[in-house]
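Please read the structure below before turning to the comments.
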Amino acid sequence: VVRFSNGRLRRPDSMRFTVYRNRETAHPRKKHRRILVSETERLSYVGNNFGSGNPKHNSLCRYFVGVLDKDSGQMEVYNAEIFNMQPLLSGRKRLSLTPAPDSQRARADYAFSYRLLFGDSSALCCLPGCSLFLISALFSQHGGTRQCILIYFCLAQMDLCIEAFGTSKQKRALNSRRMNAVGNDILNTAVTKAAANIIDAKGVTALIQDVAQDDVQNISIFLPPCNEDADKPENVYKFEDILSPAEYEALQVPAAVFVNITPEEITKKTEEKSHCSFVLEELKFLPADDKRRDHKARCLWFLDTLIKFSYLKVIKKKHPMGPECPHIISRKLMKNFTSLTYNNGSVQNLVSASMKAKIAAYVIALALHINNFQTDLTILQNDMKLQESRMMDIAKAMRLKVSKAKGLPGLDNDQNHKLGTLSLPLPVQKASGNQQKRRKMN
Numbered sequence: 001v002v003r004f005s006n007g008r009l010r011r012p013d014s015m016r017f018t019v020y021r022n023r024e025t026a027h028p029r030k031k032h033r034r035i036l037v038s039e040t041e042r043l044s045y046v047g048n049n050f051g052s053g054n055p056k057h058n059s060l061c062r063y064f065v066g067v068l069d070k071d072s073g074q075m076e077v078y079n080a081e082i083f084n085m086q087p088l089l090s091g092r093k094r095l096s097l098t099p100a101p102d103s104q105r106a107r108a109d110y111a112f113s114y115r116l117l118f119g120d121s122s123a124l125c126c127l128p129g130c131s132l133f134l135i136s137a138l139f140s141q142h143g144g145t146r147q148c149i150l151i152y153f154c155l156a157q158m159d160l161c162i163e164a165f166g167t168s169k170q171k172r173a174l175n176s177r178r179m180n181a182v183g184n185d186i187l188n189t190a191v192t193k194a195a196a197n198i199i200d201a202k203g204v205t206a207l208i209q210d211v212a213q214d215d216v217q218n219i220s221i222f223l224p225p226c227n228e229d230a231d232k233p234e235n236v237y238k239f240e241d242i243l244s245p246a247e248y249e250a251l252q253v254p255a256a257v258f259v260n261i262t263p264e265e266i267t268k269k270t271e272e273k274s275h276c277s278f279v280l281e282e283l284k285f286l287p288a289d290d291k292r293r294d295h296k297a298r299c300l301w302f303l304d305t306l307i308k309f310s311y312l313k314v315i316k317k318k319h320p321m322g323p324e325c326p327h328i329i330s331r332k333l334m335k336n337f338t339s340l341t342y343n344n345g346s347v348q349n350l351v352s353a354s355m356k357a358k359i360a361a362y363v364i365a366l367a368l369h370i371n372n373f374q375t376d377l378t379i380l381q382n383d384m385k386l387q388e389s390r391m392m393d394i395a396k397a398m399r400l401k402v403s404k405a406k407g408l409p410g411l412d413n414d415q416n417h418k419l420g421t422l423s424l425p426l427p428v429q430k431a432s433g434n435q436q437k438r439r440k441m442n
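Per UniProt numbering: the sequence shown = residues 1 to 442.
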């Protein structure tokens with residue numbers, strides 16, 4: 001992690017970073033030393049994690065960087081170190097030009113000297129016949145001496161100065177940087193050549209197909225386990241993969257309110273909108289058989305809990321769904337339907353957009369088991385507050401056949417609802433978004 005002591009970066013994507021590490025890997029202190037060099041079109045910056053320029057941080061804190069994959073929604077966390085980037089020859093290091101004394105003008109008239117001021121110490125360097133690329137200068141008169149304060153000059157001229165007048169340590173550092181730069185060029189050339197060989201060997205069409213297959217695999221991460229060789233629709237998305245036997249058993253107590261619900265209570269809950277539309281509608285058609293009634297009540301209670309859980313953003317409570325939610329269900333929600341994020345010095349559970357899509361997939365799978373493997377996707381979409389295109393992408397990724405139908409009475413009857421049907425054989429799986437990408441390319 002880098003931070004710059006002055007200025008604002010106009011084009012951060014054009015920054016070039018190079019890391020140098022100490023060669024004494026066996027030394028207990030020096031093996032962790034790093035120097036970070038950043039080059040832009042106008043100026044170069046240097047930062048390190050040792051010495052006087054090292055920023056002081058709390059030794060009890062650890063720093064991390066999270067890299068979020070926007071497609072999969074997963075974040076990889078890496079150990080991080082903070083570098084305070086200083087301009088190479090401005091800010092802390094001030095450069096001033098003074099005319100060279102007569103004793104130093106042994107060469108041409110354009111030979112001049114400049115003084116590098118580093119706090120209390122100073123060093124005098126001469127650049128015979130060398131022109132500096134001057135962007136802006138401030139001239140001042142001090143006791144008859146005319147000084148020029150440089151705002152910027154080329155890094156190449158600094159290298160020439162080190163070659164001519166630098167210390168042995170500076171010269172070794174210069175040679176090391178140049179060798180590393182050559183190594184980077186060789187690596188980039190090798191990578192480019194390898195990529196060209198792969199394209200020539202496999203062809204562009206095969207590579208595009210590989211990318212499409214990767215997209216399909218990324219989508220499947222957020223779907224319930226799919227058994228493509230199933231002989232019956234109920235075995236495609238097995239009920240045990242949605243609710244384990246222990247979780248299903250734990251739902252008996254909270255789902256009892258649905259088992260014994262009366263029509264008057266359903267009407268009251270509908271007016272209060274205390275549950276989602278899908279659940280309120282299905283409560284009107286609970287089976288008379290006690291075993292089937294109890295099974296459907298448990299499924300509806302868990303589906304309603306999933307949808308309410310998708311409304312959350314950052315989860316701060318230990319039991320976000322309230323004390324009536326069984327502990328095993330709360331743990332399932334936190335483990336399977338949240339992603340970890342680092343914010344304000346603490347790790348938090350977040351219901352991200354990708355996790356909300358995963359919840360939608362499990363809601364659809366559970367609704368299919370409730371409704372004999374055909375369900376109204378539009379009602380579920382409205383309950384989860386998703387866009388229709390998003391819901392259709394999830395349904396198609398789950399290999400459902402989508403058709404149009406009139407909505408249920410009283411629920412937007414004037415608009416066409418989308419029905420999702422799970423039937424065998426399963427449709428051929430396609431990566432979502434490819435058609436839209438082709439349209440943009442055309």
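Positions of the beta carbon are idealized from the N, C-alpha and C atoms, including for glycine.
Tell me which same chain residues have a C-beta within less than 6 Å of the C-beta of residue i, skipping the five on either side of it?
i: Ala230; result: Val236
i: Val314; result: Gln348, Leu350
i: Ala405; result: His417, Leu419
i: Phe17; result: Ser38
i: Leu377; result: Met391, Ala395, Lys418, Gly420
i: Ala255; result: Ala297, Arg298, Trp301
i: Leu68; result: Met75
Where does the unbroken alpha helix (DSSP H) through residue i begin, and where does it stop?
i: Phe309; result: 290 to 310
i: Ser72; result: It is not in any alpha helix (DSSP H) - Ser72 carries neither H nor E in the DSSP assignment.
i: residue 445; result: This structure leaves residue 445 out entirely; the chain is present only between 1 and 442.
i: Thr267; result: 263 to 272
i: Ala256; result: 256 to 259
i: Ala426; result: The amino acid at residue 426 is misidentified as Ala; the sequence shows Leu. Leu426 -> no alpha helix (DSSP H), and no H or E assigned at all.
i: Phe285; result: Taken as a continuous stretch (DSSP letters only), Phe285 belongs to no alpha helix (DSSP H), as it is neither H nor E.
Starting from residue i, trace the beta strand (DSSP E) in both directions and tell me its first and last residue.
i: Arg3; result: 2 to 4
i: Phe17; result: 16 to 21
i: Met75; result: 75 to 80
i: Lys418; result: 416 to 421
i: residue 473; result: The chain is shown only over 1 to 442; residue 473 falls outside these bounds and no answer can be derived.
i: Asn49; result: No beta strand (DSSP E) holds Asn49; DSSP gives it neither H nor E.
i: Glu41; result: Looking at the DSSP string, Glu41 is not in any beta strand (DSSP E), and its letter there is neither H nor E.
i: Leu68; result: 63 to 68
Could you check if residue i is buried or exposed, using at least 16 other CB atoms within 10 Å of its CB as the buried criterion?
i: Tyr45; result: buried
i: Gln387; result: exposed
i: Glu272; result: exposed
i: Ser310; result: buried
i: Phe337; result: buried
i: Phe50; result: exposed
i: Met321; result: buried
i: Ala365; result: buried
i: Pro427; result: exposed
i: Phe285; result: exposed
i: Leu333; result: buried
i: Leu340; result: exposed
i: Ala26; result: exposed
i: Leu280; result: buried
Would you say residue i touches the ligand MN, meaning its beta carbon is less than 7 Å from a heavy atom?
i: Cys276; result: Absence of the ligand MN from the depicted structure is noted, as is the absence of any ligand whatsoever, leaving it without description.
Which same chain residues end up closer than 7 Å to residue i when comparing Cβ atoms and leaving out the 5 residues on each side of it in sequence?
i: Gly183; result: none
i: His319; result: Cys325, Ser330
i: Leu223; result: Ala361, Ala397, Met398
i: Ser354; result: Ser72, Gly73, Phe222
i: Phe239; result: His369
i: Leu287; result: The question names Leu, but residue 287 in the sequence shown is Pro. Cβ within range, chain order: Arg293, Lys296.
Note down, in chain order, each residue of its chain lying with its Cβ closer than 8 Å to the Cβ of residue i, except the 5 sequence neighbours on either side.
i: Ser176; result: Tyr20
i: Glu41; result: Ser14
i: Leu174; result: Asp159, Ile162, Glu163, Gly166
i: Val253; result: Pro326
i: Gln374; result: Leu368, Leu419, Gly420, Thr421, Leu422
i: Phe64; result: Val77, Tyr78, Asn79, Ala80, Tyr342
*Which whole runs of the beta strand (DSSP E) in the region 152 to 179 are 3 residues long or more, in chain order?*
Secondary structure within the region 152 to 179: not one fully enclosed beta strand (DSSP E) run of 3 or more consecutive residues is present.
*Is there contact here, the region 267 to 279 with the region 237 to 254, by at least three beta-carbon pairs under 8 Å?*
No contact exists between the region 267 to 279 and the region 237 to 254.
*Taking only runs that begin and end inside the region 215 to 247, name each unbroken alpha helix (DSSP H) of 4 or more residues, in chain order.*
Counting whole runs of 4 or more residues, the region 215 to 247 contains the alpha helix (DSSP H) stretches 239 to 242.
*beta strand (DSSP E) segments (min. 3 residues) lying fully within the region 339 to 403*: As far as the region 339 to 403 is concerned, its whole beta strand (DSSP E) runs of at least 3 residues are 339 to 343, 346 to 350, 374 to 376.
*Check whether the region 378 to 386 touches the region 273 to 287, taking contact to mean three or more Cβ pairs, one atom from each stretch, closer than 8 Å.*
As far as the Cβ criterion goes, the region 378 to 386 touches the region 273 to 287, which means the pair count is three or higher.
*Any contact of the region 350 to 363 with the region 321 to 329, i.e. 3+ C-beta pairs under 8 Å?*
Cβ pair count under 8 Å is below three, so no.
_Closer than 8 Å is the cut-off here; do at least three beta carbon pairs connect the region 302 to 309 with the region 363 to 370?_
With the cut-off at 8 Å, the region 302 to 309 and the region 363 to 370 touch.
_If contact is defined by three or more beta carbon pairs under 8 Å, each pair taking one atom from either stretch, is the region 415 to 430 in contact with the region 397 to 404?_
The region 397 to 404 is in contact with the region 415 to 430.
*the region 253 to 260 touching the region 286 to 300, judged by at least three CB pairs closer than 8 Å*: Judged by Cβ distances under 8 Å, the region 253 to 260 makes contact with the region 286 to 300, as three or more pairs qualify.
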